[in-house]
Amino acid sequence: QQQVKQSPQSLIVQKGGISIINCAYENTAFDYFPWYQQFPGKGPALLIAIRPDVSEKKEGRFTISFNKSAKQFSLHIMDSQPGDSATYFCAASARGSTLGRLYFGRGTQLTVWP
Amino acid sequence: DVKVTQSSRYLVKRTGEKVFLECVQDMDHENMFWYRQDPGLGLRLIYFSYDVKMKEKGDIPEGYSVSREKKERFSLILESASTNQTSMYLCASSPQRTSYNSPLHFGNGTRLTVT
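Line by line, the protein sequences give chains Y and H.
Sequence positions in the first sequence follow the working numbering and run 97 to 210.
Sequence positions in the second sequence follow the working numbering and run 106 to 220.
Structural data, given as structure tokens:
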């Protein structure tokens with residue numbers, strides 16, 4: 097079963113707008129929540145990550161919001177740019193798991209129109 | 106900068122062929138992974154390895170095997186390729202066997218088509 101559920105599957109945003117991608121999980125042992133960004137023809141790369149002891153983490157225009165009680169976390173991209181057009185994956189790993197293996201969401205294809 | 110290199114960008118094989126996908130990382134990482142990426146299904150873990158000659162099944166190991174004879178190299182093997190194995194295959198590596206927050210570094214993928 098899907099350990100991390102991601103929505104929407106695709107998102108179209110106008111330049112300058114806010115892009116929001118949501119993820120939800122059930123496993124309360126998850127304690128690390130990264131987001132990966134993938135451009136066409138490239139492998140995914142770590143964008144930003146958060147631990148559940150904070151409710152928000154911001155790096156430039158990218159912010160993760162985390163709601164531990166609801167078991168949800170989201171990625172906000174402020175002032176979205178055409179160069180942000182990519183596929184975004186949320187993920188989670190559990191403390192004590194083998195290797196800290198990541199469970200990925202199914203991805204969101206973001207298109208930012210100029 | 107960490108480099109994960111997959112030997113082929115595109116590969117076309119026939120049904121029933123034995124297929125080898127090769128991956129090499131240059132950062133002495135202990136952990137290596139093979140993922141399959143399909144539209145709408147995201148990244149699904151096929152196999153992973155935390156040491157030379159060690160391997161563990163992921164979520165979709167059926168029809169695949171792996172080999173890790175050297176620390177830097179992790180091979181994915183399709184024993185008898187089938188059309189439902191047409192996909193993008195991504196190799197990844199991460200450092201520190203026991204650290205669970207070390208980021209994954211991905212290669213750029215091999216797009217395999219089985220006809």
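In this text, a Cβ means the ideal position worked out from N, Cα and C, and glycines have one as well.
Quantities reported herein were computed from a predicted structural model and do not represent experimental measurements.
At a cut-off of 8 Å between beta-carbon atoms, L217 (chain H) makes no contact with chain Y.
Beta-bridge partners of E167 (chain H) (DSSP): none assigned. For H172 (chain Y), the uninterrupted beta strand (DSSP E) segment begins and ends at 168-173. A contact between stretches requires three or more CB pairs, one per stretch, nearer than 8 Å, and the segment 190-199 of chain H meets this requirement with the segment 109-119 of chain H.
Closer than 8 Å to the CB of N213 (chain H) there is at least one CB belonging to chain Y. Taking a C-beta distance under 8 Å as the contact criterion, K176 (chain H) and D133 (chain H) qualify as a contact pair.
Nearest Cα to V109 (chain H) within the set H:C128, H:Y140, H:S170: H:C128.
Contact between Q105 (chain Y) and G145 (chain H) holds: their C-beta atoms lie close to 7 Å from each other, under 8 Å. The Cβ of K153 (chain Y) sits no closer than 8 Å to any Cβ of chain H. For F179 (chain H), no CB of chain Y lies under 8 Å from its own CB, so it is not counted at the interface with that chain. Counting of Cβ neighbours within 10 angstroms places S176 (chain Y) among the buried residues, the total reaching 16 or more. The beta carbons of K123 (chain H) and E184 (chain H) sit about 6 Å from each other, so the pair counts as a contact at 8 Å.
A residue is called buried when at least 16 other Cβ atoms come within 10 angstroms of its Cβ; D180 (chain Y) meets this threshold and is buried. Legend: CB atoms of the segment 131-146 of chain H lying less than 7 Å from CB atoms of chain Y belong to residues N136, G145, L146. Taking 9 Å as the cut-off between beta carbons, the residues of the segment 121-144 of chain Y near chain H are D127, Y128, P130, Y132, Q134, G137, K138, G139, P140, A141, L142, in sequence order. Rounded to whole angstroms, the gap between the alpha carbons of K158 (chain H) and F138 (chain H) is 13 Å. Contiguous beta strand (DSSP E) elements confined to the segment 122-166 of chain Y occur at 126-134, 141-146, 152-155, 158-163, taking only those with 3 or more residues.
Ranked by how close their Cα comes to the Cα of A182 (chain Y), the residues Y:N163, Y:S165, Y:Y121, Y:A141 have Y:A141 in first place. Taking a Cβ-Cβ threshold of 7 Å, the residues of chain H close to G203 (chain Y) are G147, in chain order. Between F126 (chain Y) and A188 (chain Y), the C-beta gap is smaller than 8 Å, which places the two residues in contact.
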